[in-house]
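Asks: Input: one structure, supplied below.
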């Protein structure tokens, strides 16, 4: 197998940049994290909270793993607060 050429490196770099841009587009803006965390916090009942959680489950592809972890933590905190009352 021949070693990679400059042309190969340029092609790989272009593919990497395109993939990186696609990954960045895939993640939601920070506003949505704040929005959903606020909805969790404002949920008056466990049923409403559960419905918000189901929605996040349906659109989780739009969030980075870090964002999902923060939303899950916010969900659990509210869940514990609702259950303890």
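Numbering (the working numbering), first residue to last: 49 to 133. Glycine residues also receive a C-beta, built at the ideal position from the N, C-alpha and C atoms. Quick caveat: nothing in here was measured; it's all calculated off a predicted structure.
1. Does DSSP put residue 94 in a helix, in a strand, or in coil?
2. Could you tell me the distance, in whole angstroms, from the CA atom of residue 133 to the CA atom of residue 127?
3. Drop a sphere of 10 angstroms on the beta-carbon of residue 87, count the other beta-carbons inside from all chains shown, and report buried for 16 or more, exposed for fewer.
4. Hey, residue 112 and residue 75: beta-carbon distance below 8 Å or not?
5. Would you give the residue range spanned by the alpha helix (DSSP H) that residue 107 belongs to?
6. Please tell me whether residue 81 and residue 120 are closer than 8 Å, where the distance is taken between their beta carbons.
7. Cβ atoms of residue 104 and residue 84: under 8 Å apart, would you say?
Replies: If we stick to the structure as given:
1. Within the chain shown, the letter at position 46 stands for residue 94. Note: residue 94 maps to helix in three-state DSSP.
2. Looking up residue 133 in the chain shown gives position 85. Looking up residue 127 in the chain shown gives position 79. Their backbone Cα atoms lie some 10 Å apart in a straight line.
3. The residue labelled residue 87 in the question sits at position 39 within the chain shown. With 16 or more other Cβ atoms within 10 Å, it is buried.
4. Along the chain shown, one-based indexing puts residue 112 at 64. Along the chain shown, one-based indexing puts residue 75 at 27. Contact: yes.
5. As a position in the chain shown, residue 107 is number 59, starting the count at 1. Premise fails: residue 107 is in no alpha helix (DSSP H) and is neither H nor E.
6. Taking the chain shown and counting its residues from 1, one reaches residue 81 at position 33. Taking the chain shown and counting its residues from 1, one reaches residue 120 at position 72. Result no, Cβ atoms of residue 81 and residue 120 do not sit closer than 8 Å.
7. Here residue 84 refers to the residue found at position 36 of the chain shown. Here residue 104 refers to the residue found at position 56 of the chain shown. In this structure, residue 104 lies closer than 8 Å to residue 84 by Cβ.
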